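*Asks:* Questions regarding the structure given below will be posed in turn.
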Amino acid sequence: MNPRDLPEVVSELIIEMHEVRSELRGLRDEMQAMRGLREDMQAMPERIGMAVIKSLEPFLNRLLDHDDQLKNHEQRLGRLENPQA
794 MNPRDLPEVV SELIIEMHEV RSELRGLRDE MQAMRGLRED MQAMPERIGM
844 AVIKSLEPFL NRLLDHDDQL KNHEQRLGRL ENPQA
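Structure representation (structure tokens):
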């Protein structure tokens with residue numbers, strides 16, 4: 794290598810180094826985005842479960858209310874059938 798070419802070679806290496814750093818930053822950003830996506834996907838089943846529970850809550854409350862009504866009717870019927878107890 795000719796010593797006179799050294800400044801040009803160094804300049805090209807510096808440019809290449811900056812390009813590599815820029816690509817590395819881009820890759821890091823993509824990795825961070827992928828980590829965020831992975832966390833979102835891991836949380837998805839929990840969110841789906843909570844949404845199902847929330848949507849079923851009115852139905853379950855009605856069932857429990859009906860169950861309470863049935864117990865009250867059973868108690869009243871028991872008192873009517875056996876007033877001494």
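Just so we're aligned, residue 794 is where the sequence shown starts under our numbering, counting upward by one.
Backbone N, C-alpha and C fix where the C-beta goes; we use that ideal spot for every residue, glycine too.
Treat the numbers as computed from the prediction; the structure is a model and nothing was measured.
1) Does the ligand PLP have even one heavy atom less than 6 Å from the beta-carbon of A844?
2) What residue does the alpha helix (DSSP H) around D822 start on, and which one ends it?
3) If you draw a straight line from the alpha carbon of R840 to that of R869, how long is it in whole angstroms?
*Replies:* Here's the rundown:
1) The ligand content of the structure shown is nil, which means the ligand PLP is not present either.
2) L799 to E874
3) 43 Å
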